[in-house]
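**Q**
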Amino acid sequence: MSDIVRGDPDTYPAWFQNKKTTRPLIVSRWVPIFLVGVPVLVLLAIVIYPTIWMFYHSLRDTNIQGLFMGNHSYIGFENYATVLSSDRFQDSLVHLVQYLTFGAVFQVILGTVLALTLYEFVKSNAIRTTVLILMVLPMMLPPSIVGTLWRFLLTPSNGAVNQALLDLGLISAHIEWFNAGVSLWSIIIADTWNWTALPLLIVYSGRVSLPPAVYEAARVDGASQWKVMRRVTLPMLKEVIAIAFILRFTDAFKFVDLVYVMTSGGPAQSSELPTYIAFQRGIREFAIGEAAAYAIVIFAISAILITLFLKYMKRVMKAQGFA
Amino acid sequence: MADVTLTNVNKIYGEGPSAVHAVQDLNLKIDDGEFVALLGPSGCGKTSTLRMIVGLESISSGSVHFDDRNVSALEPQDRNVAMAFETYALYPNFTVEQNLAFPLEVRGFSADEQKKRAQNVAELLRITDLLDAYPPALSGGQQQRVSLGRALIREPDVFILDEVMSHLDAHLKFQMLFDLKRLHRELGRTMIYVTHDQVEALALSDRVAVMSNARLQQVGDRNTLYNAPANVFVADFIGEPPTNFFQAQAVESDGDLRLAVDDAKFTLHLSEKTRAAVKAHGGARFIAGIRPQNLTPATASDATSGQTTATLSAKVSINEYLGERSILTAHRGPVSFRALAPPETRSAPDEIVELAYDPANVMVFDPETEDLVH
Ligand SMILES: Nc1ncnc2c1ncn2[C@@H]1O[C@H](COP(=O)(O)OP(=O)(O)O)[C@@H](O)[C@H]1O
Ligand SMILES: [Mg+2]
Chain A
1 MSDIVRGDPD TYPAWFQNKK TTRPLIVSRW VPIFLVGVPV LVLLAIVIYP
51 TIWMFYHSLR DTNIQGLFMG NHSYIGFENY ATVLSSDRFQ DSLVHLVQYL
101 TFGAVFQVIL GTVLALTLYE FVKSNAIRTT VLILMVLPMM LPPSIVGTLW
151 RFLLTPSNGA VNQALLDLGL ISAHIEWFNA GVSLWSIIIA DTWNWTALPL
201 LIVYSGRVSL PPAVYEAARV DGASQWKVMR RVTLPMLKEV IAIAFILRFT
251 DAFKFVDLVY VMTSGGPAQS SELPTYIAFQ RGIREFAIGE AAAYAIVIFA
301 ISAILITLFL KYMKRVMKAQ GFA
Chain B
1001 MADVTLTNVN KIYGEGPSAV HAVQDLNLKI DDGEFVALLG PSGCGKTSTL
1051 RMIVGLESIS SGSVHFDDRN VSALEPQDRN VAMAFETYAL YPNFTVEQNL
1101 AFPLEVRGFS ADEQKKRAQN VAELLRITDL LDAYPPALSG GQQQRVSLGR
1151 ALIREPDVFI LDEVMSHLDA HLKFQMLFDL KRLHRELGRT MIYVTHDQVE
1201 ALALSDRVAV MSNARLQQVG DRNTLYNAPA NVFVADFIGE PPTNFFQAQA
1251 VESDGDLRLA VDDAKFTLHL SEKTRAAVKA HGGARFIAGI RPQNLTPATA
1301 SDATSGQTTA TLSAKVSINE YLGERSILTA HRGPVSFRAL APPETRSAPD
1351 EIVELAYDPA NVMVFDPETE DLVH
């Protein structure tokens, strides 16, 4: 009996009262507790607990043995000092900038251009859908396959890419795709092939949902297509493009898989990204404490950048009366 | 500047069983510099007609001419028309000022000139304090005025205004109607103004084109629509409160033709002219119509004024007092109708009053075609 909560009809929302029902809202008390409780437990288990765990160990000299034996001791910020002063980490930051610029940023630009070209110049819905599906296919492949595929394609001696470039006369000698200085570019090429469809999809759906009446107004006002694109479409898609960018940006900070499959960070650590080092130090070399410090430094960098970016977005949206 | 001619214009949306015939065989000539209102209930095809004139919608059949130029196949930007949209269609990422100035920006006006004209239009529409705001932050009525301003800032051959005052409060609407009328006089350009509100249409325009059910019903000035409505629809739609209609039978006694409203057991007198028309038309059954404005409580002065008035007595059931007038709802048998009375009229419920009318104001329609018998 006491398990039953009877709603007070006077507090029902208007739409419910309008139903002219006399049936009281009957819910077991356990339903809300269950609905809220389960997600909270899951979050605790897979996000909150590991994060706290990581903070803890980033301040200790934990290694795999110490972890299992339970003997590790507090060493203050020594792990952080190791991370920040290591050349390996500083180099990887340079690589990260290269990857962000020519990976994430370029992919968003390319995706936007492709999406708007598809929308403006292809009028048949069937063709549009087909193109979209073809574009999205690479996104559905697991990273190990993408990496392996591009390792084959980019094999210097008899890979398809070099062969094609030779046949077209664009190069006269094989490009050594996996030499130092080039291997990160190879990863970026594979990643672009893999992920450009994400910003493309986001921007395309953003464009589809823009109000058609505005475009009619622009036609009557006499604006050229280019003018409309520059002054109306792109500004209206600003928020959507920003979202695509944030997604690619956050992915960049946890980007490990293709590096691992294609180059293992090599040759000579020349294609390592910060996250890859964290992975390498923690999972391969069992320096748990140091890896945790890596992870937290990376987290801090990305958190600062994203916060600045969101602040900027919020200011823009506020100025336009959206927020 | 241009006159606009629509010839046998049709608009059919979609095809097959779900096709909508939104505009049927529309013929309309709008003179250069004329102010024409397109009036009709919502869904009758007004916006569709406008969109074909502007070039946003293809014409299913027929043609649109500006002067002698067939523009049916031209893009909107090649027609030199300005349009204010029913849905505002403002650029959400521009400030109000940028919205207003965009047509000028596109045409390469200098920044100073853009600013000056935007300021002028904003003053006309009373939105100067909103110039720096963005549309999403504005109310419906404010957005509507910005949208109107964006059309008025240009000097096109034809202005096309679609329900541009529907979201303004009565007071503001009244002022803006006045301003728009003045602006039209100053510019002397063709304006086509769509509305479902007859007050706006009659106040502004040289001629009103009444549409219903995808068809043009009648084009004419206020007096024509009011006194000689082409059919039952126009008689019903124009005028507030709406016309009273009666099922009636032609009866002749002593050479005097009248219309007998059987259910209510009274007969309506007709003018000489209408009698002749009814006789010429033939047939026994008709629809008779009389406007509440032309049916008023008889006073002593009527009898002495020597006017040819007829009277009719009825039982008053409702007296709606509306400030400058009262609307009486009266009964005679099962038939009810409305009459207009001076505001000071006091009538007890169920009181019998004598209502006077001029036989010349009785309109007669064919019951089949619903067209005016004249
Ligand atoms: N794009 C469209 N597709 C299909 N039917 C439409 C379309 N636009 C309007 N209609 C239909 O055409 C009729 C006339 O619409 P409209 O011209 O907007 O009327 P009004 O402006 O007089 O309210 C309506 O029945 C409407 O549903
Ligand atoms: Mg409309």
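If you read the sequences in order, they're chains A and B. Sequence positions in the first sequence follow this note's numbering and run 1 to 323. Sequence positions in the second sequence follow this note's numbering and run 1001 to 1374. Idealized CB from N, CA, C, for every residue including glycine.
Taking C-alpha atoms, which residue in B:E1086, B:N1093, B:L1100 and B:I1012 lies nearest to B:S1058?
**A** It is B:I1012.
**Q** Since B:D1256 sits in a beta bridge, which residues does DSSP pair it with?
**A** DSSP output for B:D1256 lists B:S1253 as bridge partner(s).
**Q** If you draw a straight line from the C-alpha of A:V47 to the C-alpha of B:L1100, how long is it?
**A** Between A:V47 and B:L1100, the C-alpha separation is close to 51 Å.
**Q** If you draw a straight line from the alpha carbon of B:V1121 to that of B:G1149, how long is it in whole angstroms?
**A** Answer to the nearest angstrom: the Cα atoms are 6 Å apart.
**Q** Quick one: using the 10 Å Cβ neighbour count with 16 as the cut-off for buried, is B:P1292 buried or exposed?
**A** Buried.
**Q** Tell me whether A:I288 is buried or exposed, calling it buried when 16 or more other Cβ atoms sit within 10 Å of its Cβ.
**A** Classification of A:I288: buried, given that the 10 Å Cβ count is 16 or more.
**Q** Compute the Euclidean distance between the alpha carbons of B:M1052 and B:S1212, then round it to the nearest angstrom.
**A** C-alpha separation (whole angstroms): 17 Å.
**Q** Can you say whether B:Q1217 is buried or exposed, counting buried as having 16 or more other CB atoms within 10 angstroms of its CB?
**A** The residue in question, B:Q1217, is buried, as its Cβ has 16 or more Cβ neighbours within 10 Å.
**Q** Could one say the Cβ of A:V208 lies closer than 8 Å to chain B's Cβ atoms, at least one of them?
**A** Cβ-Cβ to chain B under 8 Å: no for A:V208.
**Q** Ignoring anything shorter than 4 residues, give me the alpha helix (DSSP H) runs that lie fully in the region 204 to 282 of chain A, in order along the chain.
**A** Runs found: 212 to 221, 225 to 228, 238 to 253, 257 to 262 and 274 to 279.
**Q** So if DSSP puts B:A1288 in a beta bridge, which residue, or which two residues, is it bridged to?
**A** DSSP output for B:A1288 lists B:F1246 and B:V1364 as bridge partner(s).
**Q** Count the other CB atoms, across all protein chains shown, that sit within 10 Å of the CB of B:K1046; report buried if there are 16 or more and exposed otherwise.
**A** With 16 or more other Cβ atoms within 10 Å, it is buried.
**Q** Assuming B:D1025 is part of the beta strand (DSSP E), what are its boundary residues?
**A** Element bounds for B:D1025: V1020 to I1030.
**Q** Under the three-state reduction of DSSP, which class applies to B:P1241: helix, strand or coil?
**A** Here B:P1241 sits in coil by DSSP.
**Q** Among the residues of its own chain, which have a CB less than 8 Å from the CB of B:A1375, if the five just before and after it don't count?
**A** An answer regarding residue 1375 of chain B cannot be provided, because it is not within the stretch 1001 to 1374 covered by chain B.
**Q** Taking the alpha carbon of B:E1351 as the reference point, which residue from B:A1002, B:V1164, B:L1125 and B:S1313 has its own alpha carbon closest?
**A** Ranking the options by Cα distance to B:E1351, first place goes to B:S1313.
**Q** Would you mind telling me which residues of chain B sit closer than 8 Å to A:M313, beta carbon to beta carbon, in chain order?
**A** Ordered by position in chain B, no residue passes the 8 Å Cβ test against A:M313, which lies about 14 Å from the chain.
**Q** Shorter than 8 Å from the beta carbon of A:I304 to some beta carbon of chain B?
**A** With 8 Å as the cut-off, A:I304 does not count as an interface residue toward chain B.
**Q** Examine ligand 2 and report whether any of its heavy atoms sits within less than 7 Å of the Cβ of B:K1046.
**A** The answer is yes for B:K1046.
**Q** According to DSSP, simplified to helix, strand and coil, what is B:S1133?
**A** Inspection of the sequence shows that residue 1133 of chain B is occupied by Ala rather than by Ser. DSSP places B:A1133 in coil when its eight states are reduced to three.
**Q** Give every residue of the same chain whose Cβ lies closer than 8 Å to the Cβ of B:A1137, excluding the five residues on either side of it in the sequence, and list them in chain order.
**A** Hits under 8 Å: none found.
**Q** Inspect the CB distances between the region 306 to 314 of chain A and the region 241 to 250 of chain A and report whether three or more fall short of 8 Å.
**A** With the cut-off at 8 Å, the region 306 to 314 of chain A and the region 241 to 250 of chain A touch.
**Q** Straight-line CA distance for A:P274 to A:S183?
**A** Roughly 16 Å between the two C-alpha positions.
**Q** Measure the alpha-carbon distance for A:S144 versus B:A1151 and round it to whole angstroms.
**A** Those two C-alpha atoms are separated by around 58 Å.
**Q** Would you please verify whether the beta carbon of B:F1085 is less than 8 Å from any beta carbon of chain A?
**A** Yes, B:F1085 lies at the interface with chain A (some Cβ there is under 8 Å from its Cβ).
**Q** As a quick exercise: from A:L258, A:Y260, A:Y49 and A:T250, pick the residue whose alpha carbon is nearest that of A:I304.
**A** For A:I304, the nearest C-alpha among the options comes from A:T250.
**Q** Using a Cβ cut-off of 8 Å (strictly closer), state whether A:A242 contacts chain B.
**A** It does not: the Cβ of A:A242 has no partner Cβ on chain B nearer than 8 Å.
**Q** Between the Cα of B:F1233 and the Cα atoms of B:A1118, B:L1372, B:Q1249 and B:V1004, which residue gives the shortest distance?
**A** Of B:A1118, B:L1372, B:Q1249 and B:V1004, the residue nearest in Cα terms is B:L1372.
**Q** In whole angstroms, what is the alpha-carbon distance linking B:E1113 and A:Y99?
**A** Approximately 47 Å between the Cα atoms of the pair.
**Q** Within the region 1291 to 1350 of chain B, note down every full alpha helix (DSSP H) run reaching 4 residues or more, in order along the chain.
**A** Whole alpha helix (DSSP H) segments, 4+ residues: 1300 to 1305.
**Q** Could you tell me which uninterrupted beta strand (DSSP E) segments, each at least 3 residues in length, are contained entirely in the region 1025 to 1103 of chain B, listed from first to last along the chain?
**A** The qualifying runs are 1035 to 1039, 1061 to 1066 and 1081 to 1084.
**Q** Express the C-alpha separation of A:V316 and B:Y1134 in angstroms, rounding to a whole number.
**A** Rounded to the nearest angstrom, the two C-alpha atoms are 12 Å apart.
**Q** Below 9 Å between beta carbons is the criterion; list the residues of the region 1340 to 1371 of chain B that meet it against any residue of chain A, in chain order.
**A** Answer in chain order: no residues at all.
**Q** The beta strand (DSSP E) with B:G1220 in it runs from where to where?
**A** From DSSP, the beta strand (DSSP E) with B:G1220 extends over R1215 to G1220.
**Q** On the criterion of 16 or more Cβ atoms from any shown chain inside 10 Å, does B:P1017 qualify as buried, or is it exposed?
**A** The residue in question, B:P1017, is exposed, as its Cβ has fewer than 16 Cβ neighbours within 10 Å.
**Q** When burial is assigned at 16 or more other CB atoms within 10 Å of the CB, is A:S186 buried or exposed?
**A** Classification for A:S186: buried.
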